[in-house]
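Going line by line, the protein sequences match chains A and B.
So the first sequence is residues 177 to 402, counted in this note's numbering.
So the second sequence is residues 9 to 125, counted in this note's numbering.
Ideal Cβ placement from N, Cα and C applies to all residues, glycine included.
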Amino acid sequence: MEFTLLWAALTGLGGLWLGSRLVEEVAFDDLLSASIAGLAGGRVVEMLSQGLNPLTNPMDLLIVRGGVDTTAATVVALLTLYLVSGRAISRLDAAAPVAMFGLAGWHLGCLWRGACLGTASNLPWAWSEPGSVISRHPVEIYAALGFLAAAWLVSRLPGHPGARAGAGLALAAAIRLATEPIRLSIGGGPVPEYMIGLGIGIAVGVIAFSRGRPGHTAAPLPRSGP
Amino acid sequence: MADLGRPAVVNIWASWCHPCRSEAPLLNAAHDQFGDRVAFIGIDVQDNQADAKEFIAEFGLDIPHYFDRNRAVPNHYGVIGTPGTLFFDEEGVLVGTHLGVIDERALALGIDELLGG
């Protein structure tokens, strides 16, 4: 295990924990279970797509740096959260802003593993790799800030069942879509999958709002104070 | 390295190295995308050639590989353990070293640095 990746993962968990403290009605254990299941599911799918059999190479499951399929990880994490939290849509709604905090933490974890930078940029806040003269977009910091803003926004939405979950999925996909063009990748990022996630999130949110009756009332983020 | 006339990514691997199995498909994808502008070279260390050939065939690693039984190359460049990845500019100067499994972001960034952003 490379410790830089471990620190990044712990930063993500820190985000989840902080979110679960700020937003009521969410069990940190449920979110932790969903995160671990999502990571495992995403890793299995990534191995299969790389032609690696997880059954004959079980130890490779631990090598998350070898790649984790984002889409599979998201689906497995959402399913796990739904199952372990009592199969109630309201629990997914409550979890949405907390998950945004966790994702913000994961992206901020780039600071530990030296993986914040994207395409070249001349903007005043662009950074350079140590020893490099090429300044670059701190794309993972952009994503982290986007997820923090999304967490605040989702927590402020009215409590129509499914609205916060849908909005959370749509915003997560939108943030990844918006940052993907300035993120460096091999073979291009999963843009179609993000677009599908955006579409599903918007559809769920619209249906939830159109049904009209506010139900779940998770506490919004505190404005200020102790 | 300077004789290549272009930047190079040198990956140190072995057939017995589990993390190298996860890294191989990524290197293949990078070679497919950047192979016309960047040279990709594999250094197989502390291995036997039969296993190495099987590994290369299994992953279809379509890049030149060199057999280095005694780890002369990684030792020369201070690479501890396997795998490791070295980045050379077009003049053959070592400009980056990644120890351990390299992920997509780190490999893409290293290549982008070689190509001048």
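Exercise. If you measure beta-carbon to beta-carbon, which residues of the region 99–119 of chain B are closer than 7 angstroms to chain A?
Worked result: G108, V109, D111, E112, R113, A114, L115, A116, L117
Exercise. Helix, strand or coil for I383/A per DSSP?
Worked result: If you number the first sequence from 1, residue 383/A lands on position 207. The answer is helix: DSSP assigns I383/A an H, G or I state.
For this session: Alpha carbon to alpha carbon, how far is L293/A from L287/A? Give it in angstroms, no decimals.
Result: Position 111 of the first sequence, counting from 1, holds the residue named residue 287/A. Position 117 of the first sequence, counting from 1, holds the residue named residue 293/A. Approximately 10 angstroms, taken between the alpha carbons.
Problem set entry | Contiguous alpha helix (DSSP H) assignments of at least 4 residues, all confined to the region 248–328 of chain A | 265–284, 286–289
Exercise. Is the beta carbon of T256/A less than 9 angstroms from the beta carbon of A210/A?
Worked result: In the first sequence, counting from the first residue as 1, residue 256/A sits at position 80. In the first sequence, counting from the first residue as 1, residue 210/A sits at position 34. Yes.
For this session: State the Cα-Cα distance for the pair F42/B and L12/B, rounded to the nearest angstrom.
Result: Here residue 42/B is taken as the residue at index 34 of the second sequence, counted from 1. Here residue 12/B is taken as the residue at index 4 of the second sequence, counted from 1. The alpha-carbon atoms of F42/B and L12/B are separated by roughly 15 angstroms.
Exercise. Alpha carbon to alpha carbon, how far is T232/A from A47/B?
Worked result: Walking along the first sequence from the start, residue 232/A turns up at place 56. Walking along the second sequence from the start, residue 47/B turns up at place 39. Approximately 32 angstroms, taken between the alpha carbons.
For this session: Just list the alpha helix (DSSP H) runs in the region 16–90 of chain B, keeping only unbroken ones of 4 residues or longer that don't cross its boundaries, in chain order.
Result: 26–42, 57–67, 80–84
Exercise. Counting pairs of Cβ atoms below 8 angstroms between the region 328–340 of chain A and the region 304–317 of chain A, do you hit three or more?
Worked result: no
For this session: Determine whether the Cβ of G92/B lies closer than 9 angstroms to any Cβ atom of chain A.
Result: Within the second sequence, numbered from 1, the residue matching residue 92/B stands at position 84. By this cut-off, G92/B is not an interface position.
For this session: Would you tell me roughly how many angstroms separate the C-alpha atoms of D97/B and R340/A, rounded to the nearest one?
Result: Locating residue 97/B in the second sequence gives position 89, counting from the first residue. Locating residue 340/A in the first sequence gives position 164, counting from the first residue. Their backbone Cα atoms lie some 49 angstroms apart in a straight line.
Exercise. Along the region 217–243 of chain A, what residues have a CB closer than 7 angstroms to any CB found in chain B?
Worked result: Q226, G227, L228, N233, M235, D236, I239, R241, G242, G243
Exercise. Do you know offhand how far S297/A's Cα is from G364/A's?
Worked result: Sequence index remark: in the first sequence, residue 297/A carries index 121 (1-based). Sequence index remark: in the first sequence, residue 364/A carries index 188 (1-based). About 19 angstroms.
For this session: Please report the residue range of the alpha helix (DSSP H) in which G217/A lies.
Result: In the first sequence, the residue the question calls residue 217/A occupies position 41. Note, G217/A: alpha helix (DSSP H), 204–225.
Problem set entry | Inter-residue spacing [alpha-carbon to alpha-carbon] between S196/A and I317/A | Looking up residue 196/A in the first sequence gives position 20. Looking up residue 317/A in the first sequence gives position 141. Distance between the alpha carbons of S196/A and I317/A is about 22 angstroms.
Problem set entry | CB of D70/B within 9 angstroms of CB of H39/B, strictly | The count along the second sequence starts at 1 and reaches residue 70/B at position 62. The count along the second sequence starts at 1 and reaches residue 39/B at position 31. Yes, the pair counts as a contact, with Cβ atoms nearer than the cut-off.
Exercise. Based on the DSSP secondary-structure assignment, which residues constitute the bridge partners of T105/B?
Worked result: Taking the second sequence and counting its residues from 1, one reaches residue 105/B at position 97. Answer is L94/B, bridged to T105/B.
For this session: Report yes or no: is there a C-beta of chain B within less than 9 angstroms of the C-beta of A354/A?
Result: For the purposes of this step, residue 354/A is identified with residue 178 of the first sequence, where counting begins at 1. It does not: the Cβ of A354/A has no partner Cβ on chain B nearer than 9 angstroms.
Exercise. If we call anything under 9 angstroms between Cβ atoms a contact, is A253/A one with G285/A?
Worked result: Looking up residue 253/A in the first sequence gives position 77. Looking up residue 285/A in the first sequence gives position 109. No; because the gap between Cβ atoms is not below 9 angstroms, this pair is not in contact.
Exercise. Quick one: Cα of N19/B to Cα of T295/A, how far?
Worked result: Here residue 19/B refers to the residue found at position 11 when the second sequence is read from its first residue. Here residue 295/A refers to the residue found at position 119 when the first sequence is read from its first residue. Between N19/B and T295/A, the C-alpha separation is close to 23 angstroms.
For this session: Can you tell me which of I239/A, M276/A, S225/A, A213/A puts its alpha carbon nearest to the alpha carbon of W193/A?
Result: Counted from its first residue, the first sequence places residue 193/A at position 17. Minimum Cα distance to W193/A is reached at M276/A.
Exercise. Would a C-beta distance cut-off of 9 angstroms place S327/A and V274/A closer than the cut-off?
Worked result: As a working mapping, residue 327/A is identified with position 151 in the first sequence. As a working mapping, residue 274/A is identified with position 98 in the first sequence. The sequence given here has Ala at residue 327/A, not Ser. Cβ atoms of A327/A and V274/A: closer than 9 angstroms.
Problem set entry | Presumed contact (8 angstroms Cβ cut-off) between R289/A and L215/A, rounded CB distance | By one-based count along the first sequence, residue 289/A stands at place 113. By one-based count along the first sequence, residue 215/A stands at place 39. So it is not a contact: roughly 16 angstroms between Cβ atoms.
Exercise. Between L189/A and G278/A, is the Cβ-Cβ spacing less than 9 angstroms?
Worked result: Locating residue 189/A in the first sequence gives position 13, counting from the first residue. Locating residue 278/A in the first sequence gives position 102, counting from the first residue. Yes, the Cβ-Cβ distance between L189/A and G278/A is below 9 angstroms.
For this session: Would you mind sorting N83/B into buried or exposed? The rule is 16 or more other CB atoms within 10 Å of its CB.
Result: In the second sequence, the residue the question calls residue 83/B occupies position 75. Classification for N83/B: exposed.
For this session: Pick helix, strand or coil for E99/B, following the three-state DSSP scheme.
Result: As a first step, residue 99/B is located in the second sequence; it is residue number 91 there, counting from the start. Coil, per DSSP.
Exercise. For N229/A, does the count of other Cβ atoms within 10 angstroms reach 16, so buried, or fall short, so exposed?
Worked result: Taking the first sequence and counting its residues from 1, one reaches residue 229/A at position 53. Under this definition N229/A is an exposed residue.
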